[in-house]
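Single-structure report; data block below.
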Amino acid sequence: MRPIIEFCLSNLASGTQKAMEELEKDPNLDIIEYGCLSNCGNCAVELFALVNGEYVSGETNDELVENIYTFIEENPMF
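Here the numbering used here = 1-based position in the sequence shown + 869.
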């Protein structure tokens with residue numbers, strides 16, 4: 870089973886599009902886009918994604934991608 874990375878469409882429009890495009894290049898990840906992830910307060914102020922259901926954020930797209938990979942390494946699914 871591959872890690873699931875979920876992005877909010879509103880957050881994609883606010884800047885996470887580049888992070889999502891970078892992560893989509895990794896065949897070991899499942900990337901999903903949703904209309905809303907119910908994190909509206911955070912969505913308005915920072916870049917974020919849900920990784921296996923857990924909130925991960927970053928100040929920049931590069932930091933977000935790095936934090937996602939770090940989270941996956943520190944929280945193995947098995």
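The beta-carbon is built from N, C-alpha and C at its ideal position, and this holds for glycine as well.
Here the structure is a predicted model, which is why all the values come from computation and not from measurement.
- Contact between Tyr903 and Leu933 is ruled out by a C-beta separation of about 17 Å, above the 8 Å threshold.
- Here DSSP, grouped into helix, strand and coil, assigns Ser907 to coil.
- The distance from the Cβ of Leu906 to that of Leu919 is about 6 Å, consistent with a contact at the 8 Å cut-off.
- When beta bridges are read from the DSSP output, Val925 appears opposite Ala918.
- When secondary structure is reduced to three states using DSSP, Asp931 falls in the helix class.
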